[in-house]
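Inspection log for the structure reproduced underneath, given as structure tokens.
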Amino acid sequence: MTIVATAAGWAMEGLEAAGVVVILAGAVVTTGALARDLMGGETEEAYLRYRRRFGRAILVGLELLVAADIIGTVVAPLDLGTVAALGLVVLIRTMLSLSIEVEINGRWPWRMRDGGR
């Protein structure tokens, strides 16, 4: 294995670990904030804030996981099956990111904030 492939493998594993840590930390922190908000008497607004905050943590984690997948193309042997599997994983994670973005903000990411055309 070349030094580039070795470094890419380490980078991929590091990004995968970082993605998982970000999602888990987001779950813990946002759930703690939800509990604090609920004890303060807020219910509906607390739930909406929780969804936004946790959704953002998931998005950041997914971005790191997609970056790891892209770097994984350097390490993986390039045959049709590997490329197809990697492409499918990136597609699924990208679609998940888009759906979470729409769920959080109520609009497509490429739409302007004021509901532009």
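Residue numbers for the sequence shown follow the numbering used here, beginning at 40 and rising by one. For each residue, glycine too, the CB sits at the ideal point set by N, CA and C.
query, result
"Span separating the alpha-carbon of Leu104 from that of Gly71", "25 Å"
"Three-pair Cβ contact test at 8 Å for the stretch 92–112 versus the stretch 130–138", "yes"
"Inside the stretch 45–99 only - beta strand (DSSP E) runs reaching at least 3 residues", "none"
"Through-space distance from Gly48 to Ile42, alpha-carbon basis", "10 Å"
"CB contact flag (Thr69, Phe93, <9 Å)", "yes"
"C-beta contact flag for Arg90 and Glu142 at 9 Å", "yes"
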